[in-house]
Amino acid sequence: MLPRMMLAVLLALVVPASAATRLNVAIGADVNVVEVHKTLLGPGFRATASDVEINAVGTGTGEPASRAIYTKIKAQADAGRKPWDLDVALVSMAVASQMVKEGLLARYVPQMKNAALVKGAEVKHAFGVDVDGYVVPMFHNQIALAYLPSKVPNPPKSFDELVAWVKANPGRFGYNGIKGGVSGVGFTMGWVYWKTGLYKELTQGPFDKGKEGAIREAITALRDFNRQAVITNGNAGTLDALNRGEIWVGAVWIDQLVAWKNEGRMDPAVTPVLPAPGLPIYPLYLVVPREAANREAAVRYIDYIATPEVQAKAIVEKFGWYPGVDAEKVLPLISPKSRALLFSGVSAQDLARYSRQMPLKEYHDLITLAYEEIVR
Amino acid sequence: MLAAVFLWPLGVSVVASFVREGQWTLANYGTVARLYARDVAYTIGVAAAGTALTFAAAIPLCGWLRVRAFGPIEFLLKVPLFVPFVVVGHALRVFWSPYVPSFSASWAGIATALAWKHLGLAALLLLGAFRGTDDSYLEAARQLGASAGRLTRDILVPMAGPSLAVTGILIFSSMLASFSIPLMMGRGGGPQMLMIDVYYRYGQHGDFATASALGVVAYLLAMGAALVYVRRLTR
Amino acid sequence: MVGARRSLGAMAVRAGALAVAGFLILGPLVSLGVWSLAERWTFPSPYPQRFGFRYWARMLSGDFLEPLRTGLVIAVIVTALALLFAVPLGYALARLRVPGRALILLAFLLPQAFPQLPVFASATREFYRFGLAGTVTGVVLVHLVGGLVFAVWTMTAVFRAIAPELEEAAHNLGASVTRTFLGVSLPLAVPGIVASALLVFLYSLDEFTGTLLVGAPFVTTLPVYMYTASVGYELQIASVTALVLMVPGAVLLLLLERVLKADYLVFFGQL
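Chains as they are written, first to last, in my numbering: chain W, 101 to 476; chain L, -9 to 225; chain V, 2 to 272.
Structural data, given as structure tokens:
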């Protein structure tokens, strides 16, 4: 075992990777997303287009990973050099909207065969920016509450119930604040929507500084709520705390919950629930930089990922993500078992009713600043 | 080269800390004061606790080693020198996590990890200083029946005073600026180490101005410590 | 009789001290090993429920080997460049009358004495302007700044330790400064140069902060990979990486303990 391993290590170090038409794909997300591109999507695409080789690179974790991609592209734009060395990037909603605003992306969706499948409010607007035609969600990801059924027979189905539950069970609810990843940011946004009742205004604008008072009031209430909650160490930290039984309810990414269950790292009994009036959905977008060297191949690759069959096999069945494109076309293709797993706890109707958008950028910044100042 | 890669960016960040949206301003420092004053105090506190903990372990051990040389322990004390910061952070995190998971994220956990890493450096410097003291004093005291503990307290520490101070300052300022250990240990709520705040501001928000202002605060803190160190080195 | 009891007591004290120090210092490192073999370890079990090599086998996958290779390449380049620069400079600082000697030595100390993170954040932005960020060249530059500190200081110490009389003798025989350097000082300094090279190599291999910032988004070395794994609570993968990262340091500690003088060891504390 050991000598063979060492030999393989040596070989891998010595033998350089072969070169073809390399499509540089930068993945601003965790290792598991990079894995999908390397092991499933890349090879699958290669089978249909033998002239292109996918070079998928992860750029780190969390929001800084997407930001690094932005900074890189921005620098190339500022330097006036062409073409740019990234062909496809997977970036967060926040970064994608900023890039659209600054004219750094190509409007490529109309050139796709599957363009008609790219639907939904979040491919039109993100953080108040018109992103129509610039983005295709690789998958959708929903923030939800996860709970231990053994300890919580009647999980809170709304924010009101959650507040009452936390009061009755202090120290048993956890989320990761706003510094440790987007699931905590999303929970905070959901809280503000609920508390202020300003969901429409905060997501559709126009920006009005006069709303700051209401926002700060909501955040002050969150500070008091936090006194009986646990602030966990990052997105994965919430899952870990649930796993240990340290907390009984936590705000999590549904995809991470499924991934942990798939890997056997998580108690399979843990179930998600989407509380009224809702928590944000936060897709990762596939984008093409404006001056991508291999733009045509880039669009083909994204087109491939947006195919309902690929979505069903790689995105839904294998990883438990919600499809990035038209769910009505994708869901009939998945097995009943995967479907049951996908909608256990959170049904398709729940998603339709309670998935919230992220607020306008200006409000987002106001909310996070208020959080840092008031909650700390 | 050094100038281009270190001094220039250093200067740029100092300048950037006084600029917001193209205007000269102190607003970034206002943000620091408003959001991070508590974190500055926390960072100083953790660094002080870490330094104290390092000394609390290193002084008796080195005193004892000075009086009765014992190779295996001296070797052990060198081990942390060769363990990279990132690994230290991770190792101490997984060391606690199966038993007291919340400890690694507490201020005490971070101080302990910092102390663990700096124990090697402290032991090296202190042993050097202690071995520099004249044997005749120790012999004389030993004749009078003083124990290793007494010898350390009454002779070695006072005689190595200046070296001790320099070591302390070196370790303290290194702990102030520590990034990888607190980052690896992770921490959810509550105050954060200063460098974690810098990374959050820069990495999450792309807010270079506030990150720089936080940086300047850290420079100033380190400068105070470094000045003493430098004066000692050049003497 | 009394003497025997006393030595027995002394032995007990020693054994006790050794046990305590051993546990405190080796404990966390051993737990890395345990974690790397724990295929399943869920709270509140005090020990892993299933052991195995699954996570070590993951080492073979590309996403582990790629950072390893990148890190090694960078470390080799950084070491070569640092020595190329530090050997002549160290010699000059140790032997020749260089104006502002103390100042130069101090300048090289700066990167270690100052909080690095905000400076590297700033450097990253500057690097972007020249297309250096996210490239191996950029990471090499950042590592060089830190690595030169070690290299210049150790090389100065090494050349100072060589007796000037030898060089004077060469001089008296009519050799030029350069000849003396190449023919006499350099060969004598070889062990010191090796130590210095190892130091820089290790520093570069283990460097995290600069690589995280300047290397993003494309250059990933093992410390950065380990961080990513640890954020995702992939504690086993991070532990495997941590152990691999410790190998060069451990080899150095075991083999070179006698060769390395305390002067150099001090620098390891900054790794």
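All residues carry an ideal CB built from backbone N, CA and C; glycine is no exception.
Item, Value
"Which of helix, strand or coil DSSP assigns to Tyr382/W", "coil"
"Distance, Ala452/W Cα to Met185/L Cα", "41 angstroms"
"Partners in chain V for Ala208/L, counting only beta-carbon separations shorter than 7 angstroms", "Pro116, Pro119"
"Same chain, Cβ closer than 7 angstroms to Trp360/W, five either side skipped, listed in chain order", "Leu339, Met366"
"Tyr208/W versus Ala392/W - alpha carbon distance", "11 angstroms"
"Proximal residues of chain W, C-beta to C-beta of Gly132/V below 9 angstroms", "Ala175, Gln176, Ala179, Arg181"
"Gly176/L: contacting residues in chain W (beta-carbon distance under 7 angstroms)", "Asn333, Gly334, Gly337"
"Ile78/V versus Val141/V - alpha carbon distance", "7 angstroms"
"is_contact[Tyr19/L, chain W] using C-beta, thresh 9 angstroms", "no"
"Cβ neighbour criterion (16 or more within 10 Å) applied to Asp260/W", "exposed"
"Cβ contact check for the segment 212 to 232 of chain W and the segment 191 to 203 of chain W: 3 or more pairs under 8 angstroms", "yes"
"CB contact below 9 angstroms: Leu116/L versus chain V", "no"
"Expected contact under 8 angstroms - CB spacing of Val84/L and Leu33/V to nearest Å", "7 angstroms"
"For Ala37/L and Ser163/L, the rounded distance between their alpha carbons", "8 angstroms"
"Alpha carbon of Phe75/L to alpha carbon of Gly139/V, nearest angstrom", "22 angstroms"
"Pick from Ala158/V, Trp36/V, Trp42/V that is closest to Ile238/V, judged by C-alpha positions", "Trp36/V"
"Residue interval of the beta strand (DSSP E) (run including Glu40/V)", "39 to 41"
"Any C-beta of chain L under 9 angstroms from that of Tyr30/V", "The displayed chain sequence assigns Leu, not Tyr, to residue 30/V. Interface residue, yes."
"Contacting positions in the segment 42 to 76 of chain L - beta carbon closer than 9 angstroms to chain V", "Ala47, Leu51, Trp54, Arg58, Phe60, Pro62, Ile63, Phe65, Leu66, Leu67, Lys68, Val69, Pro70, Leu71, Phe72, Val73, Pro74, Phe75, Val76"
"Within chain L, partners of Arg167/W - CB distance below 7 angstroms", "Gly193, Gly196"
"Beta-carbon neighbours of Ala95/L, restricted to chain W and to distances below 7 angstroms", "Asn333"
"Best match in Ala39/L, Val147/L, Ser3/L, Ala212/L for proximity to Trp54/L [C-alpha to C-alpha]", "Val147/L"
"Start-to-end residues for the beta strand (DSSP E) that takes in Ala321/W", "Counting along the chain, Ala321/W falls outside any beta strand (DSSP E), though it belongs to the alpha helix (DSSP H) covering 312 to 326."
"Chain L within 9 angstroms of Ala341/W, Cβ atoms only", "yes"
"Proximal chain V residues relative to Met183/L, where beta-carbon distance stays under 7 angstroms", "Going along chain V, no residue has its Cβ under 7 angstroms from Met183/L, so there is no contact; the nearest lies around 10 angstroms."
"Length of the line joining the Cα atoms of Arg476/W and Ala318/W", "14 angstroms"
"Short Cβ contact (9 angstroms threshold) for Arg59/V with Val185/V", "no"
"For Gly281/W and Asn254/W, the rounded distance between their alpha carbons", "28 angstroms"
"Whole-angstrom distance between Gln457/W and Ala117/W, CA atom to CA atom", "With a pLDDT of 45 at Ala117/W, under the threshold of 50, the predicted position of this residue should be treated as unreliable, though the coordinate-derived value follows. Rounded to whole angstroms, Ala117/W to Gln457/W spans 42 angstroms at the Cα level."
"Simplified DSSP assignment, three categories, for Pro408/W", "helix"
"Coil, strand or helix - Gln176/W by DSSP", "helix"
"Cα-Cα separation, Glu166/V to Arg130/V", "51 angstroms"
"Min CB distance Val270/W to chain L below 9 angstroms", "Here residue 270/W is Pro; the residue named in the question, Val, does not match the sequence. It does not; no Cβ of chain L falls within 9 angstroms."
"As assigned by DSSP and simplified to three states, the class of Glu363/W", "coil"
"Contact list for Ala81/L against chain V, beta-carbon separation under 7 angstroms", "Pro29, Leu30, Ser32, Leu33, Ala243"
"Closer than 9 angstroms to chain W by CB, Arg239/L", "Summary: the structure shown does not reach residue 239/L, with chain L confined to residues -9 through 225, and so no result is reported for it."
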